[in-house]
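Worksheet for the structure shown next.
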Amino acid sequence: MELHQRIVSAPIDFGAVRTEFGLASDYPSEAVSEARGAVDAFASERLDRTDIPLVTIDPPGAMDLDQALCLERTATGFLLHYAIADVAAFIAPGGPLALESLARGQTFYLPDGTVPLHPHVLSEGGASLLPDQDRAAALWTIELDERAEPLRATVVRALVRSRARLDYAGVQADADAGRLHPSIAALPEFGRLRIESGLARGAISLRLPSQGIVRADPAGAGAAGLDHWQLVLEPRTDADDWNEQVSLLTGISAARIMLDAKDSDHLGLLRTMPPPAAATVESMRRTAVAVGVDWPADESVGRMLARLDPNTPAALVLMSEATTLLRGASYTVLNGQTPESVQHSAIGAPYAHVTAPLRRLSDRYSTEICLARCAGTPVPQWVRDGLTAAAESMRRTDAIANKLERACVDLTESTLLSERVGSAFEAIVLRESTRTRPAEIFIPTPPILATCLGSPPEGTTVTVHLLESDPQTRTVTFAYQALPPD
Numbered sequence: 096m097e098l099h100q101r102i103v104s105a106p107i108d109f110g111a112v113r114t115e116f117g118l119a120s121d122y123p124s125e126a127v128s129e130a131r132g133a134v135d136a137f138a139s140e141r142l143d144r145t146d147i148p149l150v151t152i153d154p155p156g157a158m159d160l161d162q163a164l165c166l167e168r169t170a171t172g173f174l175l176h177y178a179i180a181d182v183a184a185f186i187a188p189g190g191p192l193a194l195e196s197l198a199r200g201q202t203f204y205l206p207d208g209t210v211p212l213h214p215h216v217l218s219e220g221g222a223s224l225l226p227d228q229d230r231a232a233a234l235w236t237i238e239l240d241e242r243a244e245p246l247r248a249t250v251v252r253a254l255v256r257s258r259a260r261l262d263y264a265g266v267q268a269d270a271d272a273g274r275l276h277p278s279i280a281a282l283p284e285f286g287r288l289r290i291e292s293g294l295a296r297g298a299i300s301l302r303l304p305s306q307g308i309v310r311a312d313p314a315g316a317g318a319a320g321l322d323h324w325q326l327v328l329e330p331r332t333d334a335d336d337w338n339e340q341v342s343l344l345t346g347i348s349a350a351r352i353m354l355d356a357k358d359s360d361h362l363g364l365l366r367t368m369p370p371p372a373a374a375t376v377e378s379m380r381r382t383a384v385a386v387g388v389d390w391p392a393d394e395s396v397g398r399m400l401a402r403l404d405p406n407t408p409a410a411l412v413l414m415s416e417a418t419t420l421l422r423g424a425s426y427t428v429l430n431g432q433t434p435e436s437v438q439h440s441a442i443g444a445p446y447a448h449v450t451a452p453l454r455r456l457s458d459r460y461s462t463e464i465c466l467a468r469c470a471g472t473p474v475p476q477w478v479r480d481g482l483t484a485a486a487e488s489m490r491r492t493d494a495i496a497n498k499l500e501r502a503c504v505d506l507t508e509s510t511l512l513s514e515r516v517g518s519a520f521e522a523i524v525l526r527e528s529t530r531t532r533p534a535e536i537f538i539p540t541p542p543i544l545a546t547c548l549g550s551p552p553e554g555t556t557v558t559v560h561l562l563e564s565d566p567q568t569r570t571v572t573f574a575y576q577a578l579p580p581d
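Position 312 (the sequence shown) corresponds to 407 in this note's numbering; numbering is contiguous.
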């Protein structure tokens with residue numbers, strides 16, 4: 096039987112998913128009016144740092160630009176300037192915009208558009224760090240030694256100006272060609288050193304390619320006026336990893352500022368994750384044996400995963416199983432005392448979200464605390480009063496965001512495969528079946544993650560048949576039948 100491995104597309108309407116999750120793109124008129132009339136509340140207090148040659152690195156087409164960086168190699172290490180959009184400067188405490196953003200929690204991403212945390216006039220306009228525009232920012236300055244370990248970190252309100260708008264693929268191409276923008280020429284060395292620092296702390300990073308949903312024909316709509324969509328694999332580049340280290344370092348520095356407050360008034364909002372259970376790690380070790388990966392007893396999970404070729408079946412199996420180690424992430428409020436555990440186990444350090452305030456509510460609160468601590472001024476009352484509610488909003492909307500992403504992928508998979516029931520596909524077995532759950536498989540083209548009936552051997556490449564693909568229930572099921580012995 097012919098194996099159906101080619102990329103396909105289909106007309107899909109994501110409106111039903113929006114309705115199911117109660118996502119309304121329209122912003123209340125009062126909040127939009129506030130955003131349109133918003134002015135920088137701290138304009139007179141800002142340090143003018145438009146002299147720093149900052150650049151942004153974002154996906155192509157992105158307009159909500161939260162971060163801009165300039166990384167210098169110095170005689171003693173590195174100097175990082177990291178500008179973060181100063182969203183709090185444009186939002187009046189207790190006003191319509193503050194209340195609506197509290198309800199929304201974060202920006203929700205769907206293939207056909209976003210449901211933004213803030214009105215576009217703010218998130219893609221006046222507060223976005225667009226190139227060649229003077230912008231309000233919370234400017235982090237982090238000094239690091241030769242091993243890229245932080246020595247000092249401060250954050251101040253500043254006026255900044257981005258010089259260039261870059262994207263990940265372009266940065267990777269420039270790095271490969273040896274022509275990186277001067278403002279990020281040190282990024283590869285910095286990134287590699289910070290990755291090594293994370294592994295030494297016990298950090299765990301999964302380099303799995305992600306499923307992306309893209310328009311198959313950007314020029315126009317297809318049947319019934321609907322856009323055609325297809326699934327693609329979005330590989331992770333070294334540039335992604337290097338840039339991620341800038342954000343992680345800043346979040347680690349922010350957490351340290353909160354925890355190192357010299358008075359007893361500990362105040363903060365940390366992103367935390369408990370350590371994985373010993374039984375879960377032991378199960379993963381058994382899987383490594385089953386797929387033929389040597390894993391010395393004294394080697395951490397993170398180091399074992401880091402040395403694997405992510406394009407091999409064994410790596411896909413182990414990285415997929417490693418997701419079970421990274422569960423229980425939440426937001427922990429520091430309010431007068433420090434909890435027993437403040438660690439983020441996947442990062443191997445205390446950590447706070449401060450680098451995406453245009454897209455995430457928590458970052459606005461955490462940044463205000465760090466600004467106050469570095470300036471030696473009181474934390475604003477609106478931050479104190481709203482910290483617990485902000486944490487709850489993030490917990491609630493994180494759960495929605497995860498389900499929303501899965502619903503969009505499930506709808507796309509089931510629609511693409513709806514006319515291929517009975518067809519055969521080549522698949523990599525990520526997890527074998529147990530008494531309580533079916534096997535999990537990955538089909539490379541089109542990239543599909545699905546359950547599979549039968550008992551396919553874990554870590555092998557097998558032929559499976561499509562039993563069911565129902566867009567109404569967003570369900571896809573495959574089956575495997577072992578060949579009889581010769």
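The beta carbon of each residue, even a glycine, is placed where N, CA and C say it ideally should be. Note that this is a predicted model, so its numbers are computed, not measured.
Among the residues of its own chain, which have a CB less than 6 Å from the CB of residue i, if the five just before and after it don't count?
i           : result
residue 253 : 141, 142, 144, 232 and 234
residue 474 : 362, 464 and 467
residue 282 : 166 and 337
Count the other CB atoms, across all protein chains shown, that sit within 10 Å of the CB of residue i; report buried if there are 16 or more and exposed otherwise.
i           : result
residue 228 : exposed
residue 139 : exposed
residue 340 : buried
residue 241 : exposed
residue 389 : exposed
residue 170 : exposed
residue 159 : buried
residue 454 : buried
residue 134 : exposed
residue 542 : buried
residue 247 : exposed
residue 551 : buried
residue 114 : exposed
residue 202 : buried
Closest to residue i by CA distance: which of the options is it?
i           : options               : result
residue 226 : 137, 256 and 457      : 256
residue 163 : 402, 152, 351 and 288 : 152
residue 308 : 324, 512 and 223      : 324
residue 213 : 392, 407 and 124      : 124
residue 561 : 250, 286, 197 and 520 : 520
residue 176 : 535, 202, 377 and 147 : 147
residue 299 : 422, 185, 149 and 168 : 422
residue 524 : 515, 535 and 516      : 535
residue 500 : 209, 334 and 197      : 209
residue 192 : 456, 567, 448 and 436 : 456
residue 345 : 509, 243, 115 and 105 : 243
residue 360 : 472, 264 and 132      : 472
residue 408 : 477, 555, 516 and 379 : 555
residue 199 : 437, 493 and 107      : 493
residue 382 : 366, 400 and 150      : 400
Using a Cβ-Cβ cut-off of 7 Å (strictly less than) and excluding sequence neighbours within five positions of residue i, which residues of its own chain qualify?
i           : result
residue 375 : 419 and 420
residue 452 : 161, 179, 180, 182, 458, 459 and 462
residue 443 : 293, 296, 297 and 298
residue 190 : 129
residue 450 : 161, 162, 179, 342, 345, 346 and 458
Please state if the CB of residue j and the CB of residue i are separated by a distance shorter than 8 Å.
i           : j           : result
residue 537 : residue 411 : yes
residue 446 : residue 364 : no
residue 527 : residue 563 : no
residue 544 : residue 417 : no
residue 486 : residue 368 : no
residue 263 : residue 334 : yes
residue 342 : residue 245 : no
residue 126 : residue 195 : yes
residue 559 : residue 522 : yes
Can you check whether the C-beta of residue i is within less than 8 Å of a C-beta belonging to chain B?
i           : result
residue 189 : No chain B is part of this structure, which consists of one protein chain only.
So what does residue i bridge to, in DSSP terms?
i           : result
residue 237 : 175 and 248
residue 254 : 143 and 231
residue 324 : 105 and 310
residue 208 : 205
residue 363 : 429
residue 455 : 201
residue 573 : 547 and 561
residue 162 : 179
residue 299 : According to DSSP, residue 299 bridges with nothing at all.
residue 226 : 257
residue 137 : Note: residue 137 sits in no beta bridge, so no partner.
Residues in its own chain within less than 8 Å of residue i by CB, not counting five upstream and five downstream?
i           : result
residue 505 : 569, 570 and 571
residue 275 : 266, 269, 282 and 283
residue 469 : 249, 250, 251 and 352
residue 509 : 564, 565, 566, 568, 569, 570 and 571
residue 513 : 105, 564, 565 and 566
residue 97  : Because residue 97 carries a pLDDT of 41, less than 50, the predicted location of this residue cannot be relied on, and no value is offered for it.
Examine the ligand FAD and report whether any of its heavy atoms sits within less than 7 Å of the Cβ of residue i.
i           : result
residue 220 : Ligands are entirely absent from the displayed structure, and the ligand FAD is therefore not among its contents.
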